[in-house]
Structures are given as structure tokens and as C-alpha cells.
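Those protein sequence lines, which keep their order, are chains W and D. Just so you know, we're using the working numbering here: the first sequence kicks off at 1 and counts up by one. Just so you know, we're using the working numbering here: the second sequence kicks off at 1 and counts up by one. A virtual CB, placed ideally from N, CA and C, is assigned to each residue, including glycine.
2 protein chains.
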Amino acid sequence: MTAKILDGRLVAEQVVARAAGEIAASDRVPGLATVLVGDDPASAIYVRNKRRRCVAAGIRDLHRKFGADVTQDELAAAIHALGDDPGVTGILLQLPLPPHLDAAALVSLIPPEKDVDGLTETSAGRLALGRPGLRPCTPLGVLELLDAHGIALSGAEAVVVGRSNLVGKPMAQLLLRRDATVTVCHSRTRDLAAACRRADILIVAAGLPGLITADAVKPGATVIDVGIHRTPDGLRGDVDFTAVRTVAGAITPVPGGVGPMTIAMLLANTATAARLPANAYGATFLSS
Amino acid sequence: MTAKILDGRLVAEQVVARAAGEIAASDRVPGLATVLVGDDPASAIYVRNKRRRCVAAGIRDLHRKFGADVTQDELAAAIHALGDDPGVTGILLQLPLPPHLDAAALVSLIPPEKDVDGLTETSAGRLALGRPGLRPCTPLGVLELLDAHGIALSGAEAVVVGRSNLVGKPMAQLLLRRDATVTVCHSRTRDLAAACRRADILIVAAGLPGLITADAVKPGATVIDVGIHRTPDGLRGDVDFTAVRTVAGAITPVPGGVGPMTIAMLLANTATAARLPANAYGATFLSS
Numbered sequence: 001m002t003a004k005i006l007d008g009r010l011v012a013e014q015v016v017a018r019a020a021g022e023i024a025a026s027d028r029v030p031g032l033a034t035v036l037v038g039d040d041p042a043s044a045i046y047v048r049n050k051r052r053r054c055v056a057a058g059i060r061d062l063h064r065k066f067g068a069d070v071t072q073d074e075l076a077a078a079i080h081a082l083g084d085d086p087g088v089t090g091i092l093l094q095l096p097l098p099p100h101l102d103a104a105a106l107v108s109l110i111p112p113e114k115d116v117d118g119l120t121e122t123s124a125g126r127l128a129l130g131r132p133g134l135r136p137c138t139p140l141g142v143l144e145l146l147d148a149h150g151i152a153l154s155g156a157e158a159v160v161v162g163r164s165n166l167v168g169k170p171m172a173q174l175l176l177r178r179d180a181t182v183t184v185c186h187s188r189t190r191d192l193a194a195a196c197r198r199a200d201i202l203i204v205a206a207g208l209p210g211l212i213t214a215d216a217v218k219p220g221a222t223v224i225d226v227g228i229h230r231t232p233d234g235l236r237g238d239v240d241f242t243a244v245r246t247v248a249g250a251i252t253p254v255p256g257g258v259g260p261m262t263i264a265m266l267l268a269n270t271a272t273a274a275r276l277p278a279n280a281y282g283a284t285f286l287s288s
Numbered sequence: 001m002t003a004k005i006l007d008g009r010l011v012a013e014q015v016v017a018r019a020a021g022e023i024a025a026s027d028r029v030p031g032l033a034t035v036l037v038g039d040d041p042a043s044a045i046y047v048r049n050k051r052r053r054c055v056a057a058g059i060r061d062l063h064r065k066f067g068a069d070v071t072q073d074e075l076a077a078a079i080h081a082l083g084d085d086p087g088v089t090g091i092l093l094q095l096p097l098p099p100h101l102d103a104a105a106l107v108s109l110i111p112p113e114k115d116v117d118g119l120t121e122t123s124a125g126r127l128a129l130g131r132p133g134l135r136p137c138t139p140l141g142v143l144e145l146l147d148a149h150g151i152a153l154s155g156a157e158a159v160v161v162g163r164s165n166l167v168g169k170p171m172a173q174l175l176l177r178r179d180a181t182v183t184v185c186h187s188r189t190r191d192l193a194a195a196c197r198r199a200d201i202l203i204v205a206a207g208l209p210g211l212i213t214a215d216a217v218k219p220g221a222t223v224i225d226v227g228i229h230r231t232p233d234g235l236r237g238d239v240d241f242t243a244v245r246t247v248a249g250a251i252t253p254v255p256g257g258v259g260p261m262t263i264a265m266l267l268a269n270t271a272t273a274a275r276l277p278a279n280a281y282g283a284t285f286l287s288s
């Protein structure tokens, strides 16, 4: 058996086209404030890519750049101002920040209706309580990818490997809301392979290259690899792709699987946020 | 084999004594505002019990009673006033509310630092993100009960049956934070008994009397029954106690198991909240 390849690039294009269509049809032009602090080269590349993709989709580019020596108070004031600015419909604070800054406190200043990364406590709470809200882009992208390929979630055994705030934990919440039976595994899980073999849908976001081998996969399972690592052999995920594709029913490649979905969902979230009134408590909007 | 009985009354007394000791040793007298709306007899009994227990522990009783015809705006104004009142250190809005009121919107007006029931979006978000915050009383009580009996959580397979905002979902988060491998099951789970048999620790909060029978329990497992139902044969839980106690290693009785823990944790949360400065973002306080 050779697994079906779940192409994220294709689905991401569809998501971006849909977001661009919504933006073109809307009265309100979304404006995304990408906030970049310091000179981390990886962050600079990520932010540049995000800005370029946003502009192509009809989103106004409201980039803010700060030096590595910016103070907590200066950055807080800037985020407050972006929060108050009606032309700014989305705010993305690129992480990590330099160590002298309190990232959690700064993220908390983003109004939930502009929280296009879904990282504030309010957004996390809305997800946990099953209320409408903006969701973190990567797990939302995984869900979109599964849906695009018609993979049924209701009643399925889903296993999430990894419990980060960015991926593992919100992924589990999203799957639970879609009626999967959800298990979260992590570094303290006693028999990881046995737990993973229970999965109809296995989502791996552990940050360890090649962690999941063929013996951890039930024949025919869907395997989603969130990991991405630079290795001497090129980009690799958390899943041993070559071995696992002979067992799985479907699998995401690395690169070209989950990666493109993350940025696509940022665009989708930005389009969604622009449709929200300020302080949209209880508003009905895109939720998964 | 006959399971050890996990007595909640005994542990609850210890928790209450500890909270009373903290209150007696503190400069600030906690004041709990219990907000009761309308004439639901069960709610009236619950609130009366909570008030009595709080007073016995040295908490100031700041009860507020509203008629069933109170408007959303009137209740919102009252909660705002309690939020602003420095003598009120905890606010408990007794649910359910009459159907003309938007309970979620009213709960959201409780400042997170006074949210002794742990029900606001901010509290749920802090729990989901693993940050300090006030946790919902019932799952916190289950954790306390497990700890009091020395039941190891790290690496254990924990299965939670039920995914309510009040119990199932926060329970899963608390267990995950304590390094258990956590599965959440619910009405759409395909083979509930098989999933439950994986559990070293099985926590049942499904709201269905006698749902869990002996075939769903691994020999030696710890079984925590959150359900409570009035039946012709007296109070019963979600677990078939008579059958399961012959298989399990430890089990909570109904009544006298989780029930007493819930109110004890309300007192503990109220003592904790009184130690918090207003707007205690990022404060280090009791968290699980």
C-alpha cells in the first residue's frame, strides 16, 4: 500500500483564493499590522512572506518594525495604538521576541477581534469553551486540509502528538469539537507507538525529526506531519515519511503539506477578522 | 478484588481547613458575592450551602438576590459594580439563569481575578495555555482527590468521559498539565468501553446514570465518578458502583466522592482570589 499524498499547496491556494474573493466582495479593506522586533533573520523572512501573500490577496500591509532594544512600554503603547486604529483589522506580533520583553503580556494587549494568530488568552478561552473566535493558524490549517480531502472526523480516533499552545493543544480542541475521540500524547507518554497505533488520524507536532516510524501507524491511517526540520538530507518532518507512506492510507509531505496551510489560514483569519465589528462578543463568525 | 473507596468528604474537610487557615492568617478578608437570580429551588439550595460553608471558613457573605424578571442590563450593572468593589474578592453567578438572560455575556463581566468558578473565557484561556489562573471547581476537586490519595498522574493513561465546559474539557487540560496521556471520549465515541479500558485513571462526567459498567474498566484502575442522579434507589452516579468496585483498584462513592470536593474547591478558590491583586495578569498563584 502506498499512501495518498495530501498536497497542502493545492488546498492552500484554494483557501487563499477564497479569502481574496471575500475581501474583494467586502466593503471593508482588511489591514494587517505585522509587528516585527529585532533582527532575527528567520522572523524577518517569515514576516516578509506573510506581508507579500497578504498584499496579493488584497490585504493592506501595515507593517511595524522595531529595533531589538525597544522597551516593553514602547511596544505595549504601539500595540494599544494598533488595537485602537479602525484601519487595522488584524495584528500579528511575530514571535519570538528578544528576551527582555514579556511576550505573553504583549500578546494579551491584542484585542481578540484582531487576534489573527489566535494566541491571546481570550481566543484560547473561546476555543476551549467552543465559542466563536479566531483560531491558531496551524491547527486550523490541518483541519482545512483534512476537510478538503474528505477525511471524516466524527467518531474517529484522533491522536495528537505534542501539547504546545501553538499546535497540539488547540488541535485537540478543534478535533474534539468535530466529534473525534481525541488523545494527546507527549514526551511523558509511556508507550508512544502503541498510543499512535490507535489513531485513525495521527497528527504529529512534536518537534523531533523522524519521531514517528512505521510501527507507530495503523495501516490505512491518515498521518499529518506538522514538523519541519533542516537536515543534511533536506527538509524533514516529525514523521519518517519513506517508511510511514507504505503503511498509512494518507500522509502529508514535508515540505508542501501543513506548511502552506498555516500562512493560508492567516489570510483566511485576516479576512474573517475584517468582517467583525470591534468588540464582537458573541458574534457569529467563522469557527471550527 | 474490592476497590479502595476514595472518600471525598474527608479530603474536602482538609481542603476547607487549609483554606480557613489561609484566610485566618491573611490581612485581607475574602468576600464572596453569590449572585442568585429567580426562584429555582435547586439553585437556592446550592447557593445557601455555599454561603454557609463560606461563612464557616471566614469568608464574608456578600449575597445578591435578583427576581426572575431582572433585565440583562440590570444584572450586568450589578456584576460590574461587584467587579469594581474592592471588598468583593470573588463573584459566583449561580447558573442556570432564566432563559431571557445571556449567561455567557454576564459571566464574561466577572473580572478573571474574581472568577472563583473559573468559568470566564479568560480563565478558560489561562488554563488552556497553562498559565496561572482560577480553575473550575469540580475538575480541580478531582485533581485534589487524586493527589490526596497519592495516585500518580505523570505518564498515566487518563480517559475523561464527557466534554462539558464545566468538567470534561477543563479536567482534560488539568490532567495534561500533570503529564498524563489524556483521551477525551463523548457521545460520538465509537467504542466507549474499549476506550475506557485503556485507562489507568477513568474520570466519568457524562451525566448518564450507570453508563460505565465493569466491562469498561481495566482491573486495578482508579475510577472517579462525577455524575449524580436521583433515582428510585437513591443517589447514583455515572458508574455502576456495585459492579465496578469489584474490578477497579480505587473508586469514588456517590454521594460522598466528588460532590464534597466541588464546594471545598470553591472555598479554596475564594481564599486564593483574595490573595490576588486586582488585575493580576501573570501573577504567580495557585495553578494546577
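How many angstroms separate the CA atom of residue i from the CA atom of residue j?
i	j	result
Val88(D)	Thr262(D)	21 angstroms
Leu6(W)	Thr246(W)	14 angstroms
Arg18(D)	Gly256(W)	55 angstroms
Ile212(W)	Asn49(W)	30 angstroms
Gln14(D)	Leu109(W)	39 angstroms
Thr231(W)	Val258(D)	51 angstroms
Glu144(D)	Gly8(D)	10 angstroms
Asp117(D)	Ile79(D)	14 angstroms
Pro260(D)	Gly237(D)	14 angstroms
Ile251(W)	Thr138(W)	16 angstroms
Ala25(W)	Gly130(D)	40 angstroms
Ile224(W)	Ala57(W)	27 angstroms
Ala206(D)	Ser154(W)	18 angstroms
Lys114(W)	Ala124(D)	19 angstroms
Gly168(W)	Thr272(D)	30 angstroms
Thr242(W)	Leu202(W)	16 angstroms
Lys4(W)	Gly249(W)	6 angstroms
Ala280(D)	Val16(W)	A caution first: Ala280(D) carries a pLDDT of 49, below 50, which makes its placement in the model too unreliable to give a value.
Thr181(W)	Ala81(W)	42 angstroms
Asp200(D)	Glu22(W)	49 angstroms
Leu10(W)	Asn165(W)	27 angstroms
Ala112(D)	Ile151(D)	A small correction: the amino acid at residue 112(D) is Pro; Ala does not occupy that position in the sequence shown. Distance between the alpha carbons of Pro112(D) and Ile151(D): 31 angstroms.
Ala195(W)	Lys218(W)	10 angstroms
Asp147(W)	Arg190(W)	31 angstroms
Gly339(D)	Ala156(D)	A question about residue 339(D) goes unanswered here, because the residues of chain D that appear run from 1 up to 288.
Here's a check: name, in chain order, each residue in its chain whose Cβ is nearer than 6 angstroms to the Cβ of residue i, leaving out the five neighbours to either side.
i	result
Phe66(W)	Val37
Val35(W)	Arg64, Leu93
Leu97(D)	Val37, Ala103
Ala274(W)	Arg28, Pro30, Thr89
Ala42(D)	none
Ser287(D)	Residue placement at Ser287(D) cannot be trusted, given a pLDDT of 42 that sits under 50; the coordinates are not used to answer.
Ala158(W)	Leu175, Ala180, Val182, Ile201
Under 8 angstroms between beta-carbons, which chain D residues line up against residue i? List them in chain order, please.
i	result
Arg51(W)	Simply none; closest approach about 27 angstroms.
Determine which residues share a DSSP beta bridge with residue i and list them.
i	result
Cys54(W)	Paired residue(s): none; Cys54(W) is not in a bridge.
Ala158(W)	Val182(W), Ile201(W)
Phe66(W)	Val37(W)
Thr231(D)	Gly234(D)
Asp225(D)	Val204(D)
Leu93(D)	Val35(D)
Asp61(W)	Leu32(W)
Val239(W)	Ile212(W)
Ala250(D)	Lys4(D), Thr222(D)
Counting only the same chain and skipping the five closest in sequence on each side, list residues whose C-beta sits under 7 angstroms from that of residue i.
i	result
Cys54(D)	Leu32, Asp61, Leu267, Thr270
Leu127(W)	Gly133, Arg135, Pro170, Gln173
Leu119(W)	Val107, Pro136
Ala20(W)	Ala57, Gly58
Looking only at its own chain, which residues have a Cβ that is under 8 angstroms from the Cβ of residue i, when we skip the five neighbours before and after it?
i	result
Leu235(D)	Ile228, His229, Val254, Pro255
Asp208(W)	The sequence shown places Leu at residue 208(W), rather than the Asp named in the question. Hits under 8 angstroms: Gly227, Asp238.
Ala68(W)	Val37, Gly38, Asp39, Pro98
Gln72(D)	His100, Leu101, Asp102, Ala105, Leu106
Given that residue i touches chain D, what residues does it touch there, using C-beta distances under 7 angstroms?
i	result
Ala195(W)	Thr181
Find the residues of chain W that neighbour residue i, judging by a C-beta separation of less than 7 angstroms, and give them in chain order.
i	result
Ser154(D)	Arg188
Is residue i near the ligand ADP, judged by its Cβ being under 7 angstroms from some heavy atom?
i	result
Val116(D)	With respect to the ligand ADP, the structure offers nothing, as it holds no ligand at all.
Which residues, taken in chain order from the region 162-192 of chain D, show a beta carbon closer than 7 angstroms to some beta carbon of chain W?
Within the region 162-192 of chain D, Arg163, Asn165, Lys169, Leu176, Asp179, Thr181, Val182, Thr183, Val184, Cys185, Arg188, Thr189, Arg190 place their CB atoms closer than 7 angstroms to a CB of chain W, listed in sequence order.
Using a beta-carbon distance cut-off of less than 8 angstroms, what residues from the region 115-129 of chain D approach chain W?
Interface annotation for the region 115-129 of chain D against chain W: Thr120, Glu121, Thr122, Ser123, Ala124, Gly125, Arg126, Leu127, Ala128, Leu129, criterion Cβ-Cβ distance under 8 angstroms.
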